[in-house]
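Following: one structure in structure tokens, then a few remarks.
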Amino acid sequence: MIGQFYGKVALVTGASSGIGRATAIAFARAGAKVVVASRRITNGEETVHRIHELGGEAIFVKTDVSKAAEVEVLVNKTIDYYDRLDYACNNAGIPASSPLIDISEEDWDRVINVNLKGTWLCLKYEIKAMLKQGGGAIVNVASIGGVIGCEGLTSYCASKGGVIALTRAAALEYAQSGIRINAVSPGCVQTDILANVSKDILARIKAAHPVGRIGKPEEVAEALLWLCSDAASFVMGHNMIIDGAYTAQ
Numbered sequence: 034m035i036g037q038f039y040g041k042v043a044l045v046t047g048a049s050s051g052i053g054r055a056t057a058i059a060f061a062r063a064g065a066k067v068v069v070a071s072r073r074i075t076n077g078e079e080t081v082h083r084i085h086e087l088g089g090e091a092i093f094v095k096t097d098v099s100k101a102a103e104v105e106v107l108v109n110k111t112i113d114y115y116d117r118l119d120y121a122c123n124n125a126g127i128p129a130s131s132p133l134i135d136i137s138e139e140d141w142d143r144v145i146n147v148n149l150k151g152t153w154l155c156l157k158y159e160i161k162a163m164l165k166q167g168g169g170a171i172v173n174v175a176s177i178g179g180v181i182g183c184e185g186l187t188s189y190c191a192s193k194g195g196v197i198a199l200t201r202a203a204a205l206e207y208a209q210s211g212i213r214i215n216a217v218s219p220g221c222v223q224t225d226i227l228a229n230v231s232k233d234i235l236a237r238i239k240a241a242h243p244v245g246r247i248g249k250p251e252e253v254a255e256a257l258l259w260l261c262s263d264a265a266s267f268v269m270g271h272n273m274i275i276d277g278a279y280t281a282q
């Protein structure tokens, strides 16, 4: 897909590492101008630096997606700087691991506010911008945790299940407005979340996948770009599972 996004503008949230960073770089490699959004300034600016090293164009906008005012500023800055918004990847999210009865109300709200409310806020302002220009494509990053149950991850699973349902409903609302909205549900992927996992646990995770390994952020990024591309012009309201056949068992 190299070059097919030339002249287009892509917004990626949670682009300071992992899937978000890989997606931002993939968009840049394909010719798009990229808006990198993240709460982590240093890491977000590092993503921009990597894009510049590749000869691409990108800017960084510090954003907490759980706050409406910051998301509105993010989209407005995108339009002010690049005069358009063609693609959006709503990837920002946080993990959570705790037995259901041990989750505090504060922790529950934090996960839902970032993962689910944050996705809704991004959709709200991205769609408004895309309606003005006549179309666009959006991909929300959910998780296999939103498709199957994961012990000890109740708040996370609830938030990601909500993202999948939100994606389907939004896709129906804007299918005739030239805006395609889809989701991806990655399985276990090599990101910062696994940085502190022991070798024994990591080995068991790998063994649980029929493919015999965990995923790479770049593999999810490629799927995201395909969903945004014209090759996926008839794909709407779809949740693409990318998990090395984990959920097929």
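With our numbering applied, the sequence shown has no gaps in its numbers, which climb one by one up to 282 at the end.
For each residue, glycine too, the CB sits at the ideal point set by N, CA and C.
In the DSSP assignment, Phe60 falls within the alpha helix (DSSP H) that extends over Gly51 to Arg62. Per DSSP, the continuous beta strand (DSSP E) segment holding Ile212 begins and ends at Ile212 to Pro219. Around the CB of Ile74, fewer than 16 other CB atoms lie within 10 Å, so the residue is classed as exposed.
Beta-bridge partners of Ala121 (DSSP): Leu44 and Ile171. By the neighbour-count criterion, in which 16 or more other beta carbons inside 10 Å mark a residue as buried, Glu138 falls on the exposed side.
Nearest to Ala48 by C-alpha distance, out of His85, Gln37, Arg62 and Thr96, is Thr96. Fewer than three pairs of CB atoms, one per stretch, sit closer than 8 Å, so the segment 250–268 makes no contact with the segment 225–234. In the structure shown, Ser130 adopts coil according to DSSP, grouped into three states.
A check of alpha carbon separations from Arg201 across Thr280, Ile171 and Cys190 identifies Ile171 as the nearest. Annotation for Arg117: Val42 and Gln166 place their beta carbon closer than 7 Å to its own, counting only its chain and skipping 5 residues before and after. Counting only runs that start and end inside the segment 137–185, the beta strand (DSSP E) elements of at least 3 residues fall at 169–174. Distance between Glu159 and Ala198, taken at the CA atoms: about 18 Å. Straight across, the Cα-Cα distance linking Val104 with Ile234 is about 37 Å.
Below 8 Å, enough C-beta pairs join the segment 56–71 and the segment 84–100 to call them touching: three or more.
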